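Numbering (my numbering), first residue to last: 1 to 320. Notes to accompany the following structure.
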């Protein structure tokens with residue numbers, strides 16, 4: 001399967017390893033002409049049509065981004081790509097470049113697969129969830145392959161890697177234009193902030209979209225210094241534009257942007273509220289179950305676990 005990656009890229013393993021280790025604002029590489037050109041063209045030609053049923057956001061609303069994780073079922077080319085991603089040779093090679101051994105492929109492509117973003121769509125800066133939702137393994141790498149034969153920076157939608165989006169004055173940004181057969185691999189950490197600005201396509205091209213393939217890799221273990229409590233994807237809503245100053249006269253497009261930012265914050269607050277209710281309900285159910293066990297004279301082992309379990313519950317609640 002490794003022959004799907006161009007021979008030139010495979011021959012640059014040492015160069016790519018050095019580039020990954022020294023990249024800023026965090027460890028990553030950008031590789032052009034990643035796949036054999038004919039194979040990449042097949043992926044472009046066989047990219048699935050936009051499916052509204054696959055474009056639901058966290059609140060269940062239809063948005064401008066469609067995600068299809070079942071890539072092996074899309075077409076023969078995507079089946080081949082899936083086989084490449086899970087092949088032992090490819091996993092070893094990516095591990096050699098990144099210095100992360102024993103990488104694991106995710107057959108469910110949770111959060112990954114084909115990503116299609118329409119005109120007007122953006123992606124707030126974020127760090128990704130850090131554990132696989134179904135298995136006790138650490139998320140370690142993101143691989144993104146772009147599938148846009150033409151793209152200009154002024155159209156927005158460029159992948160941006162950030163040092164510190166919490167502090168715009170100290171932030172530094174590495175923009176990456178999403179051109180076809182350009183592959184980006186970056187380490188997933190508590191500081192790997194990334195996103196992209198609103199897509200603004202020319203009027204005569206608004207039936208087109210920003211297309212990519214996203215693959216996430218995992219490992220069973222992770223250095224203790226890099227390990228954090230389990231969390232979902234954490235977003236930072238974009239700040240107001242710098243030109244919003246006293247005396248500035250709002251234009252119609254400014255009002256639209258303000259409405260989008262406010263709605264996004266409202267949606268995020270609602271999402272966090274619903275998640276807190278769900279988590280609190282789980283804790284309450286767990287506490288009742290534990291109390292029932294402790295009242296039973298026949299379960300001595302449960303009594304021995306009572307103190308550490310209660311500490312765990314209190315610790316979980318303090319992180320909410």
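Just so it is clear, CB atoms sit at the ideal spot from N, CA and C, and this is done for glycine as well. Given the structure is predicted, the values throughout are model-derived calculations rather than measurements.
Buried versus exposed call for residue i [16 or more other C-beta atoms within 10 Å across all chains shown]
i	result
residue 269	exposed
residue 135	exposed
residue 102	exposed
residue 285	exposed
residue 85	buried
residue 187	buried
residue 139	buried
residue 315	Confidence is the limiting factor: at residue 315 the pLDDT is only 48, short of 50, which leaves the residue's position unreliable, though a coordinate-based value still follows. Residue 315 comes out exposed.
residue 28	buried
residue 78	buried
residue 117	buried
residue 213	buried
residue 6	buried
residue 239	exposed
residue 184	buried
For residue i, the residue or residues it bridges with in DSSP
i	result
residue 44	None; residue 44 has no bridge partner.
residue 219	138
residue 176	159
residue 114	68 and 213
residue 144	184 and 214
residue 62	56
residue 127	234
residue 91	Its beta-bridge partners do not exist; DSSP assigns none.
residue 30	184
residue 5	35
Contact check, residue i vs residue j, beta carbons under 8 Å
i	j	result
residue 198	residue 148	no
residue 13	residue 96	yes
residue 34	residue 181	yes
residue 119	residue 201	yes
residue 237	residue 275	no
residue 31	residue 16	yes
residue 133	residue 110	yes
Reduced DSSP category for residue i - H, G, I as helix; E, B as strand; rest coil
i	result
residue 313	Low confidence applies to residue 313: its pLDDT is 49, below 50, so where it sits in the model is not reliable, and the reading given next is rough at best. Helix, per DSSP.
residue 192	coil
residue 277	helix
residue 212	strand
residue 199	coil
residue 109	coil
residue 103	coil
residue 292	helix
residue 252	helix
residue 240	coil
residue 51	coil
residue 245	coil
Report yes or no: do three or more beta-carbon pairs, one from the stretch 252-259 and one from the stretch 136-145, lie closer than 8 Å? no
Is the stretch 149-162 touching the stretch 173-181, taking contact as three or more C-beta pairs under 8 Å? yes
Using 8 Å as the Cβ pair cut-off and three pairs as the minimum, do the stretch 116-127 and the stretch 183-194 touch? yes
At least 3 beta-carbon pairs within less than 8 Å: the stretch 102-121 vs the stretch 212-219: The stretch 102-121 and the stretch 212-219 touch, with no fewer than 3 CB-CB distances between them shorter than 8 Å.
Any contact of the stretch 20-39 with the stretch 61-76, i.e. 3+ C-beta pairs under 8 Å? no
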